[in-house]
Amino acid sequence: MPTIVDIAVQSDSFNTLVAAVKAANLVEVLQSPGPFTVFAPTDEAFAKLPPGTIQTLVQNPPQLARILKFHVVSGKLMKADLEKLNSVTSVEGSPIPIDCSDGFEVKNAMVVAPDIEADNGVIHVIDNVILMG
């Protein structure tokens, strides 16, 4: 079974995410055994950010890594697991609120494709980049 990184690279929806993961030097982490739960923003989600945001972050790898780590949770949490929780703690250390009362939402993003299983975890595709704070 492919890893989280393999799935992202093979998809046409995660070009920006893959470039960001490479720029932040997180490829090896996300190819490790994990397991991880990744809330993966699509290219369209990144496109919603203010103009210049991605270029600014790519030039600041520590800040970019921090934002990307806010999209990752230790452990393999399927939608059924997340529905029982109010929040999870990201590997960055901040809580990510979860709301399944009307759809499947994490912080300010809707999960548009849950439970994409990988060898080292699971991907939940989201329609916005989730920002800290």
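End of the sequence shown sits at 133 in the UniProt record's numbering; the numbers just go up one at a time, nothing left out.
Note that the Cβ used here is the ideal one computed from N, Cα and C, for glycine as well.
Remember, predicted model here, so these are calculated numbers, not experimental data.
Spatially closest choice to residue i from the options, by CA coordinates
i: Ser-90; options: Met-1, Val-27 and Met-132; result: Met-132
i: Gln-59; options: Lys-76, Val-21, Pro-95 and Phe-39; result: Val-21
i: Val-125; options: Ser-13, Thr-56, Thr-3 and Pro-2; result: Ser-13
i: Val-29; options: Val-72, Ile-96, Ala-109 and Val-88; result: Val-72
i: Pro-2; options: Leu-64, Ser-32, Asn-108 and Glu-44; result: Ser-32
i: Asp-119; options: Gln-63, Arg-66, Thr-37 and Glu-105; result: Thr-37
i: Val-112; options: Thr-16, Asn-25 and Ala-40; result: Ala-40
Start and end residues, beta strand (DSSP E) containing residue i
i: Val-111; result: 109–118
i: Thr-3; result: Premise fails: Thr-3 is in no beta strand (DSSP E) and is neither H nor E.
Local Cβ density within 10 Å of residue i, reported as buried at 16 or more and exposed below that
i: Gly-103; result: exposed
i: Thr-56; result: exposed
i: Gly-52; result: exposed
i: Lys-107; result: buried
i: Gly-75; result: exposed
For residue j and residue i, the rounded distance between their alpha carbons
i: Glu-92; j: Glu-117; result: 22 Å
i: Ile-54; j: Phe-46; result: 8 Å
i: Met-78; j: Leu-68; result: 19 Å
i: Asp-115; j: Val-122; result: 6 Å
i: Cys-100; j: Ala-80; result: 10 Å
i: Ser-87; j: Val-27; result: 25 Å
i: Asp-6; j: Leu-17; result: 12 Å
i: Val-9; j: Pro-61; result: 20 Å
i: Asn-15; j: Phe-70; result: 19 Å
Closer than 8 Å to chain D by CB, residue i
i: Pro-35; result: Absence of chain D from the displayed structure is noted, only one protein chain being present.
The ligand GTP heavy atom lying under 7 Å from the CB of residue i
i: Gln-31; result: Although the ligand GTP was asked about, the structure shown includes no ligands whatsoever.
Opening and closing residue of the alpha helix (DSSP H) in which residue i lies
i: Ala-47; result: 43–47
i: Asp-99; result: Looking at the DSSP string, Asp-99 is not in any alpha helix (DSSP H); the run it does join, the beta strand (DSSP E), is 95–99.
i: Ile-126; result: No alpha helix (DSSP H) contains Ile-126, which is instead part of the beta strand (DSSP E) from 121–126.
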